[in-house]
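**Student:** The structure under discussion is supplied below as structure tokens; questions concerning it will follow.
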Amino acid sequence: MADISIAKPAAETARGPNLLSMLWRDKLAFVSAVVLLLIVLFAIFGPTFLGDLATKQNLRGRNFPPFSFERGWEFFLGGDSLGRPMLARMIVAAHSTILIAAGTVLSAMIVGAGLGLVAGYMGKTTSQVIMRLADVIMSFPSLLIAVVVLYVLGPSIPNMILVLAITRIPIYLRTTRAEVLEVRERMFVQAATVMGASHARIILRHILPVVAPTLVTIATLDFAFVMLAESSLSFLGIGVQPPDITWGLMVAQGRPYLSTAWWLAFWPGLMIVITALSLNLLSNWMRVALDPAQRWRLEARKTKNV
Amino acid sequence: MSEPLLSVRNLSVDFHTARGTVHAVKNVSWSISRGETLAILGESGSGKSVSANAVMNLLDIPPAEIVSGEIFYDGKDLLKVDYETHRALNGKKIAMIFQDPLGHLNPVYTVGWQIVEMMTAHGRPADMARVRALELISRVGIPEPEKAMGKYPHQFSGGQRQRLMIAMALMLKPDILIADEPTTALDVTIQAEVLSLLKELQAETGMALVLITHDLGVVAEIADRVVVMNKGEIVEAGETREVYHNPRHAYTRKLIDAAPGKGDIKLLDPAAPLLLDAKKLNKTYGNFAALKDVSLTLARGQNLAVVGESGSGKSTLARTLLRLEVADNGEALWKGRDLISMAARELLGVRREIQMVFQDPTQSLNPRMSVYQLIAEGWDIHRLMQDKTKRRAKVIELLEQVGLSPEHVDRYPHQFSGGQRQRIAIARALALEPELIICDEAVSALDVSIQAQVIALLDGLRQRLGISFLFIAHDLGVVRDFADTVIVMKSGEIVERGPTAQIFEAPQHPYTQRLLAANLDPDPDVQAQRRATLTDA
Amino acid sequence: MTKMIGQRAIASLLSLLGLMVLVFFLSRLTGDPAVLFLPIDATEEMKQQFRALHGLDLPLIEQFARYVWDLLHFDFGESLRKARPAIDVVLEAYAWTLPLALITMGLVITTAIVLGSLAAFNVGGFFDRLVSIVSLVGASAPDFWIAIVAIVVFSIGLGWVPTSGVGTPLHWVLPIAVLFIRPFGLVVQVVRGSMLSALSAPFVKTARAKGVKNLPLIFVHTLRNGMLPVITVIGDQAAALLNGAVIVETIFGFPGVGKLMIDSILQRDFNVVLAAIMVTAVAIFIMNILIDIAYGLLDPRIRH
Chain A
1 MADISIAKPA
11 AETARGPNLL
21 SMLWRDKLAF
31 VSAVVLLLIV
41 LFAIFGPTFL
51 GDLATKQNLR
61 GRNFPPFSFE
71 RGWEFFLGGD
81 SLGRPMLARM
91 IVAAHSTILI
101 AAGTVLSAMI
111 VGAGLGLVAG
121 YMGKTTSQVI
131 MRLADVIMSF
141 PSLLIAVVVL
151 YVLGPSIPNM
161 ILVLAITRIP
171 IYLRTTRAEV
181 LEVRERMFVQ
191 AATVMGASHA
201 RIILRHILPV
211 VAPTLVTIAT
221 LDFAFVMLAE
231 SSLSFLGIGV
241 QPPDITWGLM
251 VAQGRPYLST
261 AWWLAFWPGL
271 MIVITALSLN
281 LLSNWMRVAL
291 DPAQRWRLEA
301 RKTKNV
Chain B
307 MSEPLLSVRN
317 LSVDFHTARG
327 TVHAVKNVSW
337 SISRGETLAI
347 LGESGSGKSV
357 SANAVMNLLD
367 IPPAEIVSGE
377 IFYDGKDLLK
387 VDYETHRALN
397 GKKIAMIFQD
407 PLGHLNPVYT
417 VGWQIVEMMT
427 AHGRPADMAR
437 VRALELISRV
447 GIPEPEKAMG
457 KYPHQFSGGQ
467 RQRLMIAMAL
477 MLKPDILIAD
487 EPTTALDVTI
497 QAEVLSLLKE
507 LQAETGMALV
517 LITHDLGVVA
527 EIADRVVVMN
537 KGEIVEAGET
547 REVYHNPRHA
557 YTRKLIDAAP
567 GKGDIKLLDP
577 AAPLLLDAKK
587 LNKTYGNFAA
597 LKDVSLTLAR
607 GQNLAVVGES
617 GSGKSTLART
627 LLRLEVADNG
637 EALWKGRDLI
647 SMAARELLGV
657 RREIQMVFQD
667 PTQSLNPRMS
677 VYQLIAEGWD
687 IHRLMQDKTK
697 RRAKVIELLE
707 QVGLSPEHVD
717 RYPHQFSGGQ
727 RQRIAIARAL
737 ALEPELIICD
747 EAVSALDVSI
757 QAQVIALLDG
767 LRQRLGISFL
777 FIAHDLGVVR
787 DFADTVIVMK
797 SGEIVERGPT
807 AQIFEAPQHP
817 YTQRLLAANL
827 DPDPDVQAQR
837 RATLTDA
Chain C
844 MTKMIGQRAI
854 ASLLSLLGLM
864 VLVFFLSRLT
874 GDPAVLFLPI
884 DATEEMKQQF
894 RALHGLDLPL
904 IEQFARYVWD
914 LLHFDFGESL
924 RKARPAIDVV
934 LEAYAWTLPL
944 ALITMGLVIT
954 TAIVLGSLAA
964 FNVGGFFDRL
974 VSIVSLVGAS
984 APDFWIAIVA
994 IVVFSIGLGW
1004 VPTSGVGTPL
1014 HWVLPIAVLF
1024 IRPFGLVVQV
1034 VRGSMLSALS
1044 APFVKTARAK
1054 GVKNLPLIFV
1064 HTLRNGMLPV
1074 ITVIGDQAAA
1084 LLNGAVIVET
1094 IFGFPGVGKL
1104 MIDSILQRDF
1114 NVVLAAIMVT
1124 AVAIFIMNIL
1134 IDIAYGLLDP
1144 RIRH
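Protein chains in written order, with our numbering: chain A, 1 to 306; chain B, 307 to 843; chain C, 844 to 1147.
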């Protein structure tokens, strides 16, 4: 109701609410954040602590069925076709999975947002050239281009990051440009111009902070997308190559055993789903939490799931 | 008086927001009879629309909750009837029109379809609805009704859209028409036309009219009775004339006193040195000439107002003087140097001397910067106040100068009310110690009582600091109170200019006369008198 | 409208050219087809003969020039693998992919719009939460994994549907179901978000004040306004499906264009890869035009 303005919030801290306490109030987002934190820890420390365990073959533990402590905790989720413990392998696989996704998202975001800022703020010709370039990339069947490029360059983690990043740049570019085009027309940007602010100042102090939360939100969502793309490539056999492992590769390796040992392909796939779902949930939360005008929704004691 | 047609009794509505429960209206009672016009007067946040929305079942429940009360129409309590019964009444017996007809008409359907739907939604055949629609569209003064039916809302002007809304509302000859701020977004001359149309239609159909407004002038022009609302409560109710002349409640008195256009008229100091001398400025967008040979002068300490309706070019003028737009030709000498052709380096120095206050402070303050950052930004740009330890004290001083307090310094814009935000914007402008402040509709988004305070603040700054103002506005009352010289613009041209007293008391140009005639006076007697002279003429 | 289509056609043609150049040279870099197509013990002479037969012994630039020249005569070259015109092979595969994509998108659009709209109307309620969770999970699941799980459960476990191949309508069930999930999850979320903002638009209030019933309020007044952002997302998803659902087609042994492209790349059947990419580009171009027309039909403000 427009008529009811809650102009003077009674009790609000001067510096705005703490992000952590807002996260705590949205239980789904909180759980997602914890899950993601855990996965990041796996990714960082997994290979160091469990690297040996995950590669130790044990022919007697081949396709060992899950849900049994008979062979120790590491075999709780079963053993793979070479008798290696699934649980340990999955924790180790988090490393490459997260590395590729993070590398891709970061490089795509930096390049895309940079170009988007320029395209949105500068004159028409620069903007047109950049946008046409993005259109061309967008019109490529990205998975196929990735296949061809990886086939030529050879499947390695840096190459995968390169290929995936190029296909993701347009997303950041378009979003940034669209936001910049809108934000630059806002009154506060004009107010800064009237005050004599330079282009650099307007872009960095006034436009970028407004656009940044959207970018972070999209990056979170995109992280999930890139992870799925990477696992698709690995599944097709042109992504990560053994002895490196990612969850996508594990699903592929488990595929021949579908009828005899379902857990080989099931668990790593579930990890992908859980990670992607957490990223999606966290991204939804961020959309609200990072916007000062909407933040109050999360400050309330009783959160309505809107 | 006969049995009222509609009566709201002891209505209380709460809104459950994230910040806690807001009592939107408390124990509100009003009623209306056939043929009568009732105005519900209040500022933003007063809850003036809430009871009307409850009548129409338009409150979103939750977050709204109807705590108590009854709404009687035709012997039934509308708060107790089922959804279907209420829906069948909406539009048929009680119709409603809104502010901002562009937003309230569906952009993707033709207006004809939308008007006809008013009848088909209530089970009338479409061909009959079409005949009635054509009749009403022509009655509300839209040319070529057949063609108009096939057009979309964005193809009409603001005034025409409101006429179409009225036509739609009257399709089923409702007993009651509720109009929520129906003329607020319109130019004064259009506002006058729409109000008189409403009155004529009311006389023809005998419907009751509930008019929700913040504008005393609208109340004076149209209402038989008025209820005054403040903070969710009715503070006063009665005959319009009686309430205006003998307000009993302090809030009503404050509201009446705050109405602009009654203060002393200021005089220009003829000895003041010239600051700005603009000559023959032109600006066109494609085929549209936004400025045509506009010239003006401004002296130190002068309050020059530029008045005009939408599309008059008054904002383009401000933007051109600020170099937000580049004029096609002409010059604007600022202390002898031409603003239009000035190089970027030189312009930076002038940017400090000319500051601007925008219409909507919600949009002109970066939402992600604290008050401190907002005010201190100019110092960073112009390398002033390099001793950063002193900045905080200076910001606090500026805040106090505009009537805010030191504890506001680290807050963010969304934590303030509209009036407070505009004060922050003014403090930001003052931080650079400018010589000219250009105000583009700087008070028109504010409530009347806040408006008066901000005007007083600006005038105090002029007196104390010798700042000049270029004041762009459409509200003649505000202009009369604030300016010493007035320029009237229409279609990109200056049609009349002169001292404020001359413009208001002896306008020469017919357009100025029309503008003044359309400007509503808060005094019902003055309005009645004007109507009488208009009918005679 | 025609001007817009013209501009789009030029832009698409340019990107198609770029794509063609890129794929042409990149694919030549993947290696020598002679090695793959001839038996391992083939002599160098035989390989030479094979290359000469298919023009692979010419300098790359000349190969490209010839290819473009033939293309201008609508000759896409021969498929090395099948010894038939490449374009015929591609169009055959399209005859499988197109119905798969159309049926899937049709299902996605109808279900997502209906469920997303109802969820938005009933925001915060049980139905809304259910739709939100289902769509989030759907958007988060990798299709190859769903395909595998579906095969384990429905083919191997329950034996309801065949594991792979084509032939009976039952063969279509799993590929469609698997392809449906991710686009559905994404589109529902966009529909819900877009409908939420459309439902809070002022004109909805007007419609309620007019006494319009709930169903027309949602599906006549609001939906048409809320559809604009949805169409963009539908377009992206449809484009992905037209590209061929590589993974799903591979897993289910579905002879569509996605599987064809992957097989052709891996077997260095360059002409088929190029033909497939160009046909896909044309299909996506046509779809983009349809989307532009849909925008115009939905929103008169774009038309004028």
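We put the beta carbon where it would ideally sit given N, CA and C, even for glycine.
Closest Cβ-Cβ distance between Thr193 of chain A and chain B: below 9 Å?
**Tutor:** For Thr193 of chain A, the answer is yes, since a Cβ of chain B falls inside 9 Å of its Cβ.
**Student:** Just confirm the distance between the C-beta atoms of Val1122 of chain C and Tyr937 of chain C, as a whole number of angstroms; I'd bet it's less than 8 Å.
**Tutor:** 6 Å
**Student:** With three or more beta-carbon pairs closer than 8 Å as the criterion, would you say the stretch 967-981 of chain C touches the stretch 1037-1050 of chain C?
**Tutor:** no
**Student:** Give a yes or no on contact between the stretch 211-224 of chain A and the stretch 274-283 of chain A, applying the rule of three or more CB pairs nearer than 8 Å.
**Tutor:** yes
**Student:** Can you name the start and end residues of the beta strand (DSSP E) that Asn333 of chain B belongs to?
**Tutor:** Gly326 to Ile338
**Student:** If you measure between the beta carbons of Gly856 of chain B and Val600 of chain B, is that distance less than 9 Å?
**Tutor:** The structure shown does not extend to residue 856 of chain B, since chain B is modelled only from 307 to 843, so the question has no answer here.
**Student:** With 9 Å as the C-beta to C-beta threshold (strictly closer), list the residues of the stretch 387-398 of chain B near chain C in chain order.
**Tutor:** Tyr389, Glu390, His392, Arg393, Ala394, Leu395, Asn396, Gly397 and Lys398
**Student:** Using only the alpha-carbon positions, how far apart do Leu133 of chain A and Leu1029 of chain C sit?
**Tutor:** 26 Å
**Student:** Sort B:Ser670, B:Tyr389, B:Glu342 and B:Arg698 by Cα distance to Ala682 of chain B and report the nearest one.
**Tutor:** B:Arg698
**Student:** Which of helix, strand or coil does DSSP assign to Ala944 of chain C?
**Tutor:** helix
**Student:** Can you give me the Cβ contacts of Leu680 of chain B inside the same chain, cut-off strictly under 8 Å, excluding the 5 residues immediately before and after it?
**Tutor:** Leu671, Asn672, Pro719, Ile730 and Arg734
**Student:** Using the beta-carbon of each residue, which ones in chain A are nearer than 7 Å to Arg698 of chain B?
**Tutor:** In chain order: nothing, as chain A lies at least about 14 Å away.
**Student:** On a CA-only basis, which of C:Asn1131, C:Ile1132 and C:Ala1118 is nearest Leu915 of chain C? Give me that one, please.
**Tutor:** C:Ala1118
**Student:** Are the C-beta atoms of Ala834 of chain B and some chain A residue less than 9 Å apart?
**Tutor:** no
**Student:** What residues in the stretch 998-1028 of chain C have a beta carbon less than 7 Å from any beta carbon of chain A?
**Tutor:** Those residues of the stretch 998-1028 of chain C placed with their C-beta closer than 7 Å to a C-beta in chain A are Ile999, ordered along the chain.
**Student:** Ends of the beta strand (DSSP E) at His95 of chain A?
**Tutor:** No beta strand (DSSP E) contains His95 of chain A, which is instead part of the alpha helix (DSSP H) from Met86 to Tyr121.
**Student:** Give the C-beta separation of Val331 of chain B and Ser350 of chain B to the nearest angstrom, bearing in mind that I take them to be a contact with Cβ-Cβ under 8 Å.
**Tutor:** The C-beta distance from Val331 of chain B to Ser350 of chain B rounds to 14 Å, too long to fall under 8 Å, and the pair is not in contact.
**Student:** Tell me Phe777 of chain B's beta-bridge partners as DSSP assigns them.
**Tutor:** B:Ala611 and B:Cys745
**Student:** Between B:Leu623, B:Val632 and B:Leu764, which lies nearest to Glu799 of chain B when the distance is taken from Cα to Cα?
**Tutor:** B:Leu623
**Student:** Along the chain, where does the beta strand (DSSP E) containing His322 of chain B start, and where does it finish?
**Tutor:** Leu312 to Thr323
**Student:** Assuming Ala146 of chain A and Leu233 of chain A form a contact by the criterion Cβ under 8 Å, report the distance between their Cβ atoms to the nearest whole angstrom.
**Tutor:** Between Leu233 of chain A and Ala146 of chain A the Cβ distance is about 6 Å, and since that is below 8 Å, they are a contact.
**Student:** Could you check the C-alpha separation between Ala823 of chain B and Val446 of chain B for me, to the nearest Å?
**Tutor:** 22 Å
**Student:** Report the residues of the stretch 861-882 of chain C with a CB closer than 7 Å to any CB of chain A, ordered along the chain.
**Tutor:** Gly861, Leu862, Val866, Leu869, Ser870, Leu872 and Thr873
**Student:** Can His1014 of chain C and Val1021 of chain C be called in contact, C-beta distance under 9 Å?
**Tutor:** no
**Student:** State whether the stretch 603-622 of chain B contacts the stretch 568-584 of chain B, with contact taken as three or more CB pairs (one from each stretch) at a distance under 8 Å.
**Tutor:** yes
**Student:** Indicate the three-state DSSP secondary structure (helix, strand or coil) for Phe42 of chain A in the structure shown.
**Tutor:** Three-state result, Phe42 of chain A: helix.
**Student:** For Asp986 of chain C, decide whether its Cβ has a neighbour in chain A, counting only Cβ atoms nearer than 9 Å.
**Tutor:** yes
**Student:** Could you round the C-beta distance between Arg469 of chain B and Pro459 of chain B to whole angstroms and report it? I think they count as a contact, below 8 Å.
**Tutor:** Between Pro459 of chain B and Arg469 of chain B the Cβ distance is about 12 Å, and since that is not below 8 Å, they are no contact.
**Student:** Among C:Arg1051, C:Gly849 and C:Glu1092, whose alpha-carbon lies nearest the alpha-carbon of Glu390 of chain B?
**Tutor:** C:Arg1051
**Student:** Quick check on the DSSP output: the alpha helix (DSSP H) that includes Gly1028 of chain C runs from which residue to which?
**Tutor:** Leu1013 to Leu1042
**Student:** How would you call His307 of chain A, buried or exposed, if buried means at least 16 neighbouring beta carbons within 10 angstroms?
**Tutor:** Summary: the structure shown does not reach residue 307 of chain A, with chain A confined to residues 1 through 306, and so no result is reported for it.
**Student:** Return the first residue and the last residue of the alpha helix (DSSP H) that Arg436 of chain B is part of.
**Tutor:** Arg436 of chain B -> alpha helix (DSSP H) spans Ala432 to Arg445.
**Student:** Can the beta-carbon of Leu364 of chain B be found less than 9 Å from the beta-carbon of Gly375 of chain B?
**Tutor:** no
**Student:** Counting only runs of 4+ residues fully inside the stretch 606-659 of chain B, write out the alpha helix (DSSP H) ranges in chain order.
**Tutor:** 620-627 and 650-659
**Student:** When you compare the CB of Lys304 of chain A with every CB in chain C, is at least one pair closer than 9 Å?
**Tutor:** Any reading at Lys304 of chain A needs caution, since the residue's pLDDT is 37, under 50, leaving its predicted position unreliable; the model's value is listed next. Lys304 of chain A counts as touching chain C.
**Student:** Check the Cβ of Gly375 of chain B against every Cβ in chain C and list those closer than 7 Å, keeping chain order.
**Tutor:** Near Gly375 of chain B there are no residues of chain C at all, since even the closest Cβ is about 20 Å away, more than 7 Å.
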